[in-house]
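Worksheet: one structure, shown below.
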Amino acid sequence: MSSCSPDGAPDLLFLLSWATHALLTEQAEGLAELGISPRAHQVLLRAGSGELTQRQIGELCGIDKTTMVVTLDQLEAAGLARRRPSPTDRRARLVEVTPEGRAVLARAQEIAARIQRDVLAGLPERDRAALLRSIETLVRGRFAAAGPCGPGSRSAC
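Count the sequence shown with my numbering and you get residues 123 to 279, in order.
Next comes the structure, spelled out in structure tokens:
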């Protein structure tokens with residue numbers, strides 16, 4: 123595995139892709155005991171207030187419309203979330219987390235926090251905060267307006 127481009131410079135896309143894949147794999151394994159995916163975890167987390175529409179949650183999570191519907195169908199079937207009509211827009215549905223969903227979300231947050239601690243423990247302590255701060259700066263800055271690669275898609279190009 124080479125993390126460098128042909129000119130020897132670090133390949134940022136490869137490094138971030140590899141790290142994302144590895145972290146998602148660990149999250150999926152950890153959350154499997156709860157019967158949810160990392161995507162479902164993120165949806166439950168964003169739906170916590172009960173004030174957001176499924177479209178807003180999808181946008182916050184970077185999930186396309188079709189995948190969002192499938193994810194919510196799964197969460198509803200498991201009794202973890204429910205959709206209800208928006209009082210201000212009859213076409214929109216608000217997503218709320220059920221009491222059972224809140225319990226699962228609390229456990230999912232514990233699992234995610236443990237995995238994050240374990241992953242960051244592999245770095246020298248002084249580098250942990252710098253890594254998170256740097257990634258957050260990119261996500262809130264340059265990558266905040268990252269657009270889709272194709273019509274209706276937020277997946278890789």
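Quick reminder that beta carbons are idealized off the backbone N, C-alpha and C, glycines included.
Asked	Found
Proximity below 9 Å, CB of V226 to CB of A169	no
Distance between beta carbons of R161 and I179, contact taken as under 8 Å	Going by Cβ atoms, the distance from I179 to R161 rounds to 11 Å, so no, they are not a contact pair.
G152 beta carbon less than 9 Å from that of R236	yes
CA nearest to the CA of L174, picked from A200, R215, L146 and V191	R215
Straight-line Cα distance separating I257 from P273	Because the pLDDT of P273 is 43, which lies under 50, any placement of that residue in the model is unreliable, and the number read from its coordinates should be weighed accordingly. If you take the alpha carbons of P273 and I257, they lie about 27 Å apart.
Spatially closest choice to L146 from E232, G130 and H163, by CA coordinates	H163
R224 - containing alpha helix (DSSP H), residue span	P221 to L242
Straight-line gap, T142 to R212 (C-alpha atoms, nearest Å)	37 Å
Which of helix, strand or coil DSSP assigns to L145	helix
Range of the contiguous beta strand (DSSP E) that encloses P207	A203 to P207
Cross-strand partners of R215 (DSSP beta bridge)	P207
Beta-carbon spacing of R250, L260 below 9 Å	no
Sheet register partners of T175 (DSSP bridge)	L216
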